[in-house]
Structure formats: structure tokens, C-alpha cells
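Counting from 0, one number per residue, gives the positions in the sequence shown under numbering that gives the first Met the number 0. Ideal Cβ positions, reconstructed from N, Cα and C, are used throughout, including at glycine. Computed from a predicted structure; not experimentally measured.
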Amino acid sequence: MLDTSSILFIILLIIIIPVLWIFWPFIIGAGWQPTSKKRVQKMLKMAEVNSGDVVYDLGSGDGRIVMEAARRYQARAVGIEADPLRVLWSKLVLMSSGLNNRVKIVWGNLFHQDISEATVVTMFLWQDTNQKLIPKLIKELKPGTRVVSNYWKIKGWTPTKEDKDEGIYMYVIDQGYQPG
Ligand SMILES: C[S@@+](CC[C@H](N)C(=O)[O-])C[C@H]1O[C@@H](n2cnc3c(N)ncnc32)[C@H](O)[C@@H]1O
0 MLDTSSILFI ILLIIIIPVL WIFWPFIIGA GWQPTSKKRV QKMLKMAEVN
50 SGDVVYDLGS GDGRIVMEAA RRYQARAVGI EADPLRVLWS KLVLMSSGLN
100 NRVKIVWGNL FHQDISEATV VTMFLWQDTN QKLIPKLIKE LKPGTRVVSN
150 YWKIKGWTPT KEDKDEGIYM YVIDQGYQPG
């Protein structure tokens with residue numbers, strides 16, 4: 000039989016684990032808020048995504064951006080997501096979408112994943128997270144890669160295109176950018 004302190008410890012664990020689970024993405028980059036379907040279209044259109052592209056969504060949530068990039072533009076796409084429940088959900092949606100051959104969902108911290116094969120990067124993170132990402136974007140992305148940020152700018156970079164009404168900003172990696 001378990002004693003009282005063991006039972007209390009188990010109850011604490013049962014409470015703490017879901018709380019940590021929910022708040023972990025807030026700690027490492029951004030909370031969950033899906034991009035509207037209209038904005039997803041605008042982001043992909045702004046980047047002029049095509050079938051030759053490899054689209055990476057950093058913090059892919061339910062996978063809507065990567066799946067749309069594959070469905071509408073026949074691009075190959077990779078979503079990186081830290082929240083295991085959203086990874087599970089997006090993998091289930093992916094299985095029923097018929098897009099498995101072009102879309103991959105990776106469970107992990109976007110700061111620790113290799114993104115060098117991307118030709119388009121999309122993100123809807125937080126301002127601080129965008130700024131922390133600058134050295135990684137510069138180090139790993141090839142010149143010419145388009146980086147589209149929903150809502151938050153990348154401070155210190157000049158957008159090549161922007162939709163001021165919607166708050167969508169596109170940057171093109173070139174040799175000129177220096178880590179901020
Ligand atoms: C605002 S939501 C955007 C979701 C999706 N990209 C969209 O536009 O609909 C941000 C997502 O990033 C994830 N996230 C935050 N920090 C992360 C990190 N360091 N690594 C991977 N995913 C992260 C969160 O779990 C959340 O699902």
C-alpha cells in the first residue's frame with residue numbers, strides 16, 4: 000500500500016506534468032495561436048511558393064501551413080513543433096490528407112533542428128523569439144531563402160515585401176545580413 004506522502008507526490012506529478020506541458024512552448028518560443036486560413040494563403044502567396052520549394056514552418060502547430068503548401072503548391076514541407084499533442088494531432092490529420100509523401104512533421108525544439116534545406120521559412124512566433132532566431136537563420140539558410148513572419152517583424156532586417164494591413168513580412172536571406 001502507498002503511504003500518504005507517496006499518494007500526495009503522485010497527485011502533484013499528475014497536476015504538474017500537464018501544467019508544464021501546456022506552458023513549455025511559452026517558455027521556449029511562443030504559445031499556440033493558429034494562423035487564419037486567409038493569412039496562410041497570403042503568407043504562401045507572398046513567398047511565391049512553388050513545387051520546387053521546401054517550406055519549413057517553425058512552430059508548426061496543427062500543421063496547417065505545411066499541409067497547405069503541399070496541397071496547393073505541391074511543395075515539399077516540414078513542420079517543427081515542440082508540443083507533442085499538436086504533433087500527434089497534425090500527424091493524424093496528415094495521415095488522412097494523402098500528403099504524407101510531401102509533408103513531414105518533426106517533434107522538437109526549432110532551435111535545435113537543422114533547417115538548412117529550406118527555401119521558404121514561415122513562422123508565427125513572438126518578437127523575442129524572432130530576434131533570437133536571427134543567428135540561426137543567417138547561419139543555416141542559403142542566400143535567396145524567403146522568410147515570412149506572421150504578425151511580428153524581424154527587427155533590424157528590411158522586409159522585401161510586406162502586407163501592412165495584415166502584418167505579414169517577408170525577408171530574403173542574402174549575404175548582407177549580419178547576426179543582430
Ligand atoms: C502561434 S503558434 C503558430 C502555429 C502555426 N505555425 C500557425 O501559424 O498556425 C506557435 C507554435 O509554435 C510552437 N513553438 C513555440 N516555441 C517552439 C519551439 N522552440 N520549437 C518548436 N515549436 C515551438 C508552439 O507550440 C505553437 O504551436
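Ligand 1 heavy atom lying under 7 Å from the CB of residue i
i, result
"Asp56", "yes"
"Gly80", "For clarity, residue 80 is Glu in the given sequence; the question names Gly instead. Result yes, Cβ under 7 Å from ligand 1."
"Arg63", "yes"
"Arg71", "no"
"Leu124", "yes"
"Pro33", "yes"
"Phe110", "yes"
"Ser148", "no"
"Ala29", "yes"
"Pro24", "yes"
"Ser89", "no"
"Gly60", "yes"
"Arg85", "yes"
Spatial distance of residue i from residue j (CA atoms)
i, j, result
"Pro178", "Ile79", "Low confidence applies to Pro178: its pLDDT is 47, below 50, so where it sits in the model is not reliable, and the reading given next is rough at best. So the two alpha carbons sit approximately 23 Å from each other."
"Pro17", "Met122", "25 Å"
"Thr159", "Val171", "7 Å"
"Ile6", "Met0", "10 Å"
"Arg38", "Asp61", "15 Å"
"Leu43", "Leu19", "33 Å"
"Lys163", "Ser35", "16 Å"
"Glu161", "Ala74", "22 Å"
"Lys131", "Ile10", "37 Å"
"Ile133", "Thr3", "50 Å"
Distance CB(residue i)-CB(residue j) smaller than 8 Å
i, j, result
"Val54", "Ala68", "yes"
"Val120", "Val146", "yes"
"Val102", "Ala81", "no"
"Phe29", "Trp156", "Inspection of the sequence shows that residue 29 is occupied by Ala rather than by Phe. Taking 8 Å as the Cβ cut-off, Ala29 and Trp156 do not qualify as a contacting pair."
"Trp106", "Pro142", "no"
"Ile104", "Ser50", "no"
"Asn129", "Ile153", "yes"
"Pro33", "Arg71", "no"
"Ala117", "Leu98", "no"
Check your understanding: Going along the chain, which unbroken runs of the beta strand (DSSP E) with 3 or more residues stay wholly within the stretch 108–158?
Key -> 119–122, 145–149
**Study point:** Stretch-stretch touch, CB-based, cutoff 8 Å, three pairs: the stretch 145–162 with the stretch 7–23
**Key:** no
Review point. Along the chain, which unbroken stretches of the alpha helix (DSSP H) at least 4 residues long are found entirely within the stretch 46–112?
Key: 63–72, 83–96
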